[in-house]
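Sequential numbering of the sequence shown, starting at 1, is according to UniProt numbering.
No residue lacks a Cβ here, since even glycine has one placed at the ideal position from N, Cα and C.
What follows is a set of notes on a single structure, which appears directly below.
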Amino acid sequence: MLDGVAVKQWILLTQQNKSKDLITYCSKKKKETLDKGISYIDSNEFKVKIETAESFPDAKLYAQNLYLKTIDIPLREVSDTDKAAWKGTNSVFSDNVERKSNSIIDGDSRDFQDRVVTKYIQINKFLDQLRDDHPDLHNKIEDSARAQLESMQDESILENDIDKEFIKRIVISNKNSFEKYSNFFSYKNTQSLSFGICRNGLLSATWIL
């Protein structure tokens with residue numbers, strides 16, 4: 001036993017898995033392993049499997065030597081001029097931010113609105129650079145973002161009020177969703193992903209502070 005864990009499988013990672021020779025080899029390897037009577041091998045369930053790199057998408061990125069060090073993309077500074085220009089070309093979303101902020105924040109919501117817009121601009125620039133520098137990883141994150149957005153939209157339909165408690169749940173959901181990418185990014189970049197990557201719909205991750 002390895003800290004109380006029994007080994008139930010041995011994986012042969014290869015480029016192709018439709019080979020009679022490979023299947024024969026795995027059967028032989030299974031018998032040889034079981035014949036050794038190793039204490040931490042579960043003899044009743046142990047099997048030898050053939051997998052390709054596609055079965056382990058995150059590990060595949062490391063195996064391809066794409067990410068030998070943690071990615072740390074600096075978030076750009078956003079000026080008042082940048083925010084004014086963005087609002088001028090994104091009036092629908094800007095109005096949406098104002099309306100939702102006023103419904104959630106007690107009192108003056110202008111500081112909250114300013115932070116939402118700032119994060120939104122920063123994340124868009126962050127994703128642009130990620131797409132240029134690491135397109136494979138960018139595509140994976142975009143796929144996760146779309147799935148997370150659908151989940152957020154489905155949950156919002158069931159809510160009578162989009163209030164602070166709802167936003168808190170979205171905070172946790174987003175952080176959990178992008179935690180799997182923490183091995184690729186610096187802590188700051190990982191947190192930035194949970195803030196702003198879901199960019200459309202009834203609620204957006206850009207709400208998260």
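Asked: CB of Ser109 within 9 Å of CB of Asn102, strictly; Found: yes
Asked: Val117 vs Val97 beta-carbon contact at 9 Å; Found: yes
Asked: Alpha carbon of Trp10 to alpha carbon of Leu75, nearest angstrom; Found: 43 Å
Asked: Within the segment 63-115, ranges of the alpha helix (DSSP H) (whole runs, at least 4 residues); Found: 80-89 and 91-104
Asked: Status (buried if at least 16 other CB within 10 Å, exposed otherwise) for Leu127; Found: buried
Asked: Cutoff 6 Å; reference Leu13; Cβ partners in own chain excluding five residues on either side; Found: Glu51
Asked: For Glu51, the first and last residue of its enclosing beta strand (DSSP E); Found: Lys47 to Glu51
Asked: Inter-stretch contact (C-beta, 8 Å, three-pair minimum) for the segment 78-89 and the segment 131-149; Found: no
Asked: Beta-carbon proximity of Ser27 to Leu34, cut-off 9 Å; Found: no
Asked: Presumed contact (8 Å Cβ cut-off) between Phe46 and Val7, rounded CB distance; Found: 7 Å
Asked: Gln9 in three-state terms, based on DSSP; Found: strand
Asked: Within 9 Å, strictly: CB atoms of Ser144 and Val171; Found: no
Asked: Helix, strand or coil at Phe185 according to DSSP, with G and I counted as helix; Found: strand
Asked: Classification of Trp19 by the beta-carbon crowding that lies within 10 angstroms, buried from 16 upward; Found: Position check: residue 19 holds Ser in this sequence, whereas Trp was assumed. Flag for Ser19 reads exposed.
Asked: Helix, strand or coil at Ile172 according to DSSP, with G and I counted as helix; Found: helix
Asked: Whether Lys83 touches Ile141 by CB criterion (9 Å); Found: no
Asked: Three-state class that DSSP yields for Ile141 in the structure shown; Found: helix
Asked: Cβ neighbours of Ile73 in the same chain (closer than 7 Å, five flanking residues each side left out); Found: Phe126, Gln129, Leu130 and Asn189
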